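Report on one structure; see the data block that follows.
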Amino acid sequence: MHQLSPQDAQFLYAETEHNLTHVTSVSIYDPSTVPGGGPVRYKDIIAHFRERLAYNPLFFRRLLRLPLEIDYPYWVEDEYFDLEYHMQHGRLPAPGDWRQFCIHLARYHSRPLDMNRPPWEIFVIEGLDNIEGLPSGCYAVVIKVHHAAVDGASMMKFFASIADSDPHGTPMVPLEEPNMEGGEIPPMPALVSRALRNNLRSPLRIAQTVLKAAPSLVEAAQESVARREGEKKSPVPPTRFNVDLSPHKMVDVRFMPLDDLKAIRTLHPGATVNDAVLAVCSGALRRYLQHHNELPEDSLVAWVPINARPKGGDAAGNNISAMTAPIYTNESDPLKRLKRINAATQASKEARSGLSARLMTDITKHVPAATQVLASRLIIRSGAAARLCNLFISNVPGPQVPMYMNGARMVRSCGLAPLGDGMGLFIGTPSYDGQMSFNVISTREILPDIDFFMDCLDASAAELLALVDGGDAKKAPRAKKAAPRRKTTPRKKAATKKAVVKKAAAKKSSAAKTAPKKLTARKAAPKKAAPKKTATKKAAPKKAATTTARKSPRRKAAPKSG
Numbered sequence: 042m043h044q045l046s047p048q049d050a051q052f053l054y055a056e057t058e059h060n061l062t063h064v065t066s067v068s069i070y071d072p073s074t075v076p077g078g079g080p081v082r083y084k085d086i087i088a089h090f091r092e093r094l095a096y097n098p099l100f101f102r103r104l105l106r107l108p109l110e111i112d113y114p115y116w117v118e119d120e121y122f123d124l125e126y127h128m129q130h131g132r133l134p135a136p137g138d139w140r141q142f143c144i145h146l147a148r149y150h151s152r153p154l155d156m157n158r159p160p161w162e163i164f165v166i167e168g169l170d171n172i173e174g175l176p177s178g179c180y181a182v183v184i185k186v187h188h189a190a191v192d193g194a195s196m197m198k199f200f201a202s203i204a205d206s207d208p209h210g211t212p213m214v215p216l217e218e219p220n221m222e223g224g225e226i227p228p229m230p231a232l233v234s235r236a237l238r239n240n241l242r243s244p245l246r247i248a249q250t251v252l253k254a255a256p257s258l259v260e261a262a263q264e265s266v267a268r269r270e271g272e273k274k275s276p277v278p279p280t281r282f283n284v285d286l287s288p289h290k291m292v293d294v295r296f297m298p299l300d301d302l303k304a305i306r307t308l309h310p311g312a313t314v315n316d317a318v319l320a321v322c323s324g325a326l327r328r329y330l331q332h333h334n335e336l337p338e339d340s341l342v343a344w345v346p347i348n349a350r351p352k353g354g355d356a357a358g359n360n361i362s363a364m365t366a367p368i369y370t371n372e373s374d375p376l377k378r379l380k381r382i383n384a385a386t387q388a389s390k391e392a393r394s395g396l397s398a399r400l401m402t403d404i405t406k407h408v409p410a411a412t413q414v415l416a417s418r419l420i421i422r423s424g425a426a427a428r429l430c431n432l433f434i435s436n437v438p439g440p441q442v443p444m445y446m447n448g449a450r451m452v453r454s455c456g457l458a459p460l461g462d463g464m465g466l467f468i469g470t471p472s473y474d475g476q477m478s479f480n481v482i483s484t485r486e487i488l489p490d491i492d493f494f495m496d497c498l499d500a501s502a503a504e505l506l507a508l509v510d511g512g513d514a515k516k517a518p519r520a521k522k523a524a525p526r527r528k529t530t531p532r533k534k535a536a537t538k539k540a541v542v543k544k545a546a547a548k549k550s551s552a553a554k555t556a557p558k559k560l561t562a563r564k565a566a567p568k569k570a571a572p573k574k575t576a577t578k579k580a581a582p583k584k585a586a587t588t589t590a591r592k593s594p595r596r597k598a599a600p601k602s603g
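The numbering of the sequence shown is this note's numbering, which starts it at 42 and goes up by one.
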């Protein structure tokens with residue numbers, strides 16, 4: 042019997058009906074690589090998981106919670122475990138495009154897990170037949186696991202154990218019989234006695250954590266006083282992302298060659314791939330908020346999780362720390378923005394800033410269970426999260442070699458993470474086989490025009506890649522401007538449109554907007570600015586459609602960054 046760590050348990054205690062704390066991983070497979078050309082059936086996928094889950098004890102365990110939360114819960118073996126109870130099967134309706142797929146993912150991610158069973162599910166989705174960049178006949182395996190059981194790094198290790206290195210079924214990693222930590226559940230008096238001992242030791246552990254951080258705390262306090270003396274406003278500006286959540290999630294993903302991000306980091310000596318990711322996200326946020334006339338004077342602050350797992354550590358559960366860092370959305374120059382982001386992340390890693398996030402995650406490892414339950418609920422209701430940061434940005438490196446299952450090659454990998462009240466935007470950037478995916482998760486009320494936000498990511502990447510190629514960032518392709526957020530009255534005149542610069546851009550069909558577009562590659566950045574042409578025309582007024590959904594006005598051309 043294994044007890045949850047305090048950090049694992051906080052994902053249980055922070056959960057609300059609108060804020061579910063599970064992670065959802067999405068893998069898309071191409072069955073054309075199956076030896077002999079045979080199809081992959083649902084029963085074949087069940088058989089594969091039945092074999093590989095035997096090496097992952099996590100998936101046979103359910104939670105045992107103690108009365109009044111007097112101590113942290115325990116993982117115990119589920120005596121009624123049934124694999125097929127945890128697996129579902131569905132198919133996208135025609136035409137099976139990317140938009141429909143994202144809607145399915147958002148709905149699935151918004152539903153709670155059955156916490157009376159092992160907290161995980163698998164959803165096999167067929168019918169991905171009309172997605173740009175993917176061959177017809179692809180299917181997705183969507184795995185949803187509660188965050189109390191895994192963090193990003195341990196999730197990656199789980200995927201390695203169920204994956205094959207070739208179409209013939211060779212396991213990606215050596216499969217070893219696990220220690221199931223079985224045995225009978227101790228009687229309640231023994232569990233209560235253990236809970237009392239744990240609670241008595243907690244104050245000592247908290248004191249040790251604070252003392253260990255004391256030198257950094259003093260230095261950070263001195264810097265904070267020197268920097269903010271006489272300053273009354275919060276270092277975290279309020280944005281549309283810092284509000285309470287609704288249950289209606291929104292999801293979209295864009296893919297970018299990992300080599301492009303490695304090229305972006307060369308723009309500044311010492312910059313990392315993570316800095317390049319933050320710079321792309323920062324540029325996108327600047328464009329998006331600037332369009333909505335909501336760009337604050339101060340920089341947005343990102344909460345960035347850090348893998349604290351020691352090298353070689355393979356235990357399940359969570360072992361993460363965190364840092365907060367400004368991402369300089371108030372800087373118009375993309376190169377200066379990257380340089381300042383690099384300086385900020387280096388300072389956070391050296392504990393000169395972002396200390397509150399790290400110290401908070403370290404202290405919560407030693408807080409008694411009942412205290413953490415109350416603290417988690419208090420933090421959620423007080424809106425304290427919004428005073429720490431504006432959004433999450435998480436970069437989890439993945440395997441850079443092809444992976445297979447049932448002979449089918451995995452061609453895309455992405456994922457969805459939990460949000461938090463007061464932090465309603467999560468941008469996850471896992472990588473796989475030379476690609477990085479930008480996974481955007483929010484709610485319908487916070488990010489109603491998520492397609493425009495994805496265009497902003499495209500434009501931000503192109504802006505930085507233009508600098509890599511020695512061009513001018515101002516000449517990079519710009520995203521189309523979305524409609525203002527909360528206006529519902531149709532416009533009487535169509536906005537002035539710019540002529541298409543490249544012939545290739547003119548060939549894009551409207552159907553391509555539903556596909557998972559790749560973020561602009563380096564070759565896409567133009568070297569010379571084309572002459573601009575404008576043509577003004579009037580459009581006949583349109584009748585508003587009768588619907589209960591939010592009406593959105595026509596889009597306008599996006600403003601230039603800066």
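Using N, Cα and C, we set each Cβ at its ideal position, and we do this for glycine too.
Remember, it's a predicted structure, so these values are computed and weren't measured experimentally.
For the beta strand (DSSP E) that residue i lies in, which residues bound it at each end?
i	result
P298	K290 to P298
Q48	It is not in any beta strand (DSSP E) - Q48 instead sits in the alpha helix (DSSP H) that spans P47 to Y54.
I184	C179 to H187
E338	Taken as a continuous stretch (DSSP letters only), E338 belongs to no beta strand (DSSP E), as it is neither H nor E.
Y115	Y115 to E118
T65	H63 to D71
L105	R102 to L105
Mind reading off the beta-carbon distance from residue i to residue j? Whole number of angstroms is fine, and I expect it under 8 Å.
i	j	result
P108	P208	Actually they are not in contact, since the Cβ atoms of P108 and P208 sit about 51 Å apart, beyond 8 Å.
S435	C455	About 13 Å separates the two Cβ atoms, so there is no contact after all.
V183	L146	7 Å
L319	T280	So it is not a contact: roughly 16 Å between Cβ atoms.
I69	M451	7 Å
M464	F282	7 Å
T484	L286	6 Å
P114	L45	5 Å
P375	L508	7 Å
F164	Q129	5 Å
R158	R103	6 Å
E162	R132	The Cβ separation is near 17 Å, so there is no contact.
Can you name the start and end residues of the alpha helix (DSSP H) that residue i belongs to?
i	result
R327	V314 to H332
A88	Y83 to R93
Going by DSSP, name the residue or residues bridged to residue i.
i	result
R152	Looking at the DSSP assignment, R152 forms no beta bridge with any residue, so it has no partner.
G79	Its beta-bridge partners do not exist; DSSP assigns none.
I305	Note: I305 sits in no beta bridge, so no partner.
Q129	F164
D205	P212 and Y445
A384	Answer is none; A384 lacks a bridge partner.
Q44	Y115
M364	V345
L169	C179
Let me confirm a value: residue i is counted as buried when at least 16 other C-beta atoms fall within 10 Å, else exposed. Which label applies?
i	result
A545	Confidence in A545 is poor, its pLDDT being 43 and thus under 50, which makes the residue's placement unreliable; the coordinate value appears in the next sentence. Flag for A545 reads exposed.
V442	exposed
K380	buried
D499	buried
E504	buried
T370	buried
E372	buried
D138	buried
K406	With a pLDDT of 48 at K406, under the threshold of 50, the modelled position of that residue is not reliable, and no figure is offered here.
S177	exposed
Y126	exposed
D123	exposed
A327	The sequence as given places Arg at residue 327; Ala does not occur at that position. Buried, because 16 or more other Cβ atoms sit within 10 Å of the Cβ of R327.
P227	exposed
T386	buried
E120	exposed
I144	exposed
Could you check if residue i belongs to the surroundings of the ligand ADP, using beta carbon to heavy atom distance under 7 Å?
i	result
L299	Although the ligand ADP was asked about, the structure shown includes no ligands whatsoever.
What ranges does the beta strand (DSSP E) occupy inside the region 430-502, keeping only unbroken runs of at least 3 residues that lie completely in it? 432-435, 449-457, 467-469 and 476-484
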